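Below: the structure, in structure tokens.
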Amino acid sequence: MPHVLTQVEHALCWTVFAPLVRARRRKIERRISRELHDKARIDRVLNEIVAQHADLLC
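With this note's numbering applied, the sequence shown closes on residue 80, and no number is skipped along the way.
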């Protein structure tokens with residue numbers, strides 16, 4: 023089913039609904055970007071904790 027929705031969304035890009043489709047895609051891209059940024063930040067913080075407190079984690 024998602025494949026069909028993707029095709030419908032692609033077809034809507036060529037209609038008056040194009041601004042709505044673009045806004046939806048931008049929203050999805052921002053969400054994914056934010057998730058990736060959060061994961062990277064969490065990894066960085068955890069690595070700092072392990073580096074600074076390795077003696078306490080044994």
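Backbone N, C-alpha and C define an ideal beta-carbon position, used for all residues, glycine too.
Note that the structure is predicted; figures quoted are calculated from it, not measured.
DSSP places T28 in the uninterrupted alpha helix (DSSP H) bounded by 24-34.
For V38, the secondary structure class from DSSP, reduced to helix, strand or coil, is coil. L78 has its alpha-carbon roughly 53 Å from the corresponding atom of Q29. In chain order, L79 place their CB closer than 7 Å to the CB of V72, counting only its own chain and leaving out the 5 sequence neighbours on each side. Per the coordinates, the alpha-carbon of A76 lies some 19 Å from the alpha-carbon of R63.
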